[in-house]
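For reference, the structure discussed in these notes is given below.
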Amino acid sequence: GIQVEQSPPDLILQEGANSTLRCNFSDSVNNLQWFHQNPWGQLINLFYIPSGTKQNGRLSATTVATERYSLLYISSSQTTDSGVYFCAVGNTPLVFGKGTRLSVIA
Amino acid sequence: GAVVSQHPSWVICKSGTSVKIECRSLDFQATTMFWYRQFPKQSLMLMATSNEGSKATYEQGVEKDKFLINHASLTLSTLTVTSAHPEDSSFYICRAGGDGYTFGSGTRLTVV
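Protein chains in written order, with our numbering: chain A, 101 to 206; chain B, 741 to 852.
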């Protein structure tokens with residue numbers, strides 16, 4: 101099956117810093133999503149981005165489908181950005197990477 | 741938007757007992773339900789896929805007799821963890837699909 105690799109596995113940021121999270125996938129996909137899992141376990145859908153670039157406030161994402169990777173940018177990080185960020189591809193089923201655990205410290 | 745209600749949010753049960761987790765699609769018909777499990781600090785792993793009215797399809801390594809899935813209606817699917825043991829302690833989350841797909845809020849199960 102399709103493989104999804106995320107990097108870095110862990111990241112500690114000072115509040116206000118910027119960061120880039122990466123997701124590599126092993127096969128062409130027609131669906132790629134980024135999720136934020138909060139401390140209570142809820143999965144918040146950040147982006148549906150099989151290709152191209154999208155922005156939502158301080159977050160933006162770019163997927164280069166031909167090169168099989170996606171990037172999630174977080175600018176001016178806040179403590180509320182802490183949690184785990186997952187990249188997931190496919191649809192039925194959705195296959196998750198192992199996530200990037202982000203800690204933003206004040 | 742599409743909402744999936746998952747209950748309970750958390751549950752503690754004694755070893756050897758069974759626990760039922762429900763996922764209800766509130767405003768759409770969920771023809772397909774995916775059940776995921778997430779161990780602490782790990783990723784979400786698909787356990788099984790069920791289509792309304794059909795038997796669930798389990799992923800390799802998931803015991804179908806231990807994790808009973810019922811999807812008898814288009815708005816309700818249940819996952820029953822039978823004879824739970826401490827190693828079943830995990831976060832369980834459903835994903836319901838109709839025209840689109842929506843996650844439930846998850847259930848944290850602790851078996852003591």
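Every residue, glycine too, gets a C-beta built ideally from N, C-alpha and C. Every value quoted in this text rests on a predicted model; they were computed, and no experiment measured them.
Cβ shell of residue i (< 8 Å), same chain only, five flanking positions each side left out
i, result
"residue 748 of chain B", "761, 847"
"residue 128 of chain A", "165, 168"
is_contact[residue i, chain A] using C-beta, thresh 7 Å
i, result
"residue 846 of chain B", "yes"
"residue 783 of chain B", "yes"
"residue 774 of chain B", "yes"
"residue 786 of chain B", "yes"
"residue 768 of chain B", "no"
"residue 831 of chain B", "yes"
"residue 779 of chain B", "no"
"residue 807 of chain B", "no"
Boundaries of the beta strand (DSSP E) in which residue i is found, first to last residue
i, result
"residue 140 of chain A", "It is not in any beta strand (DSSP E) - residue 140 of chain A carries neither H nor E in the DSSP assignment."
"residue 821 of chain B", "816 to 821"
"residue 762 of chain B", "759 to 765"
"residue 849 of chain B", "847 to 851"
"residue 186 of chain A", "183 to 190"
"residue 778 of chain B", "772 to 778"
"residue 744 of chain B", "744 to 747"
"residue 176 of chain A", "Taken as a continuous stretch (DSSP letters only), residue 176 of chain A belongs to no beta strand (DSSP E), as it is neither H nor E."
"residue 118 of chain A", "From DSSP, residue 118 of chain A is part of no beta strand (DSSP E); its letter is neither H nor E."
"residue 829 of chain B", "Run containing residue 829 of chain B: none; DSSP gives neither H nor E here."
"residue 788 of chain B", "785 to 791"
"residue 196 of chain A", "194 to 196"
One or two residues paired with residue i in a DSSP bridge
i, result
"residue 124 of chain A", "A/105, A/169"
"residue 807 of chain B", "B/821"
"residue 149 of chain A", "Its beta-bridge partners do not exist; DSSP assigns none."
"residue 835 of chain B", "B/774, B/843"
"residue 154 of chain A", "A/161"
"residue 203 of chain A", "A/112"
"residue 135 of chain A", "A/145, A/186"
7 Å CB neighbourhood of residue i in its chain, flanking five on each side removed
i, result
"residue 815 of chain B", "764, 765, 769, 770"
"residue 144 of chain A", "135, 136, 138"
"residue 851 of chain B", "753, 755, 824, 825, 826, 828, 829"
"residue 767 of chain B", "742, 743"
Any C-beta of chain B under 7 Å from that of residue i
i, result
"residue 193 of chain A", "yes"
"residue 133 of chain A", "no"
"residue 198 of chain A", "yes"
"residue 142 of chain A", "yes"
Other residues of its chain near residue i: CB distance less than 6 Å, five sequence neighbours each side excluded
i, result
"residue 208 of chain A", "No answer is possible for residue 208 of chain A: it lies beyond the span of chain A, which begins at 101 and ends at 206."
"residue 103 of chain A", "126"
- Does the stretch 163 to 172 of chain A touch the stretch 751 to 758 of chain B, meaning 3 or more C-beta pairs lie closer than 8 Å? no
- Query: Would you call the stretch 794 to 808 of chain B and the stretch 818 to 831 of chain B touching, i.e. three or more CB-CB distances under 8 Å?
  - Reply: yes
- Message: Would the stretch 172 to 191 of chain A count as touching the stretch 112 to 122 of chain A if we require 3 or more Cβ pairs under 8 Å?
- Response: Yes, they touch.
- Query: Counting Cβ pairs, one atom from each stretch, are 3 or more of them under 8 Å apart for the stretch 198 to 205 of chain A and the stretch 796 to 805 of chain B?
  - Reply: no
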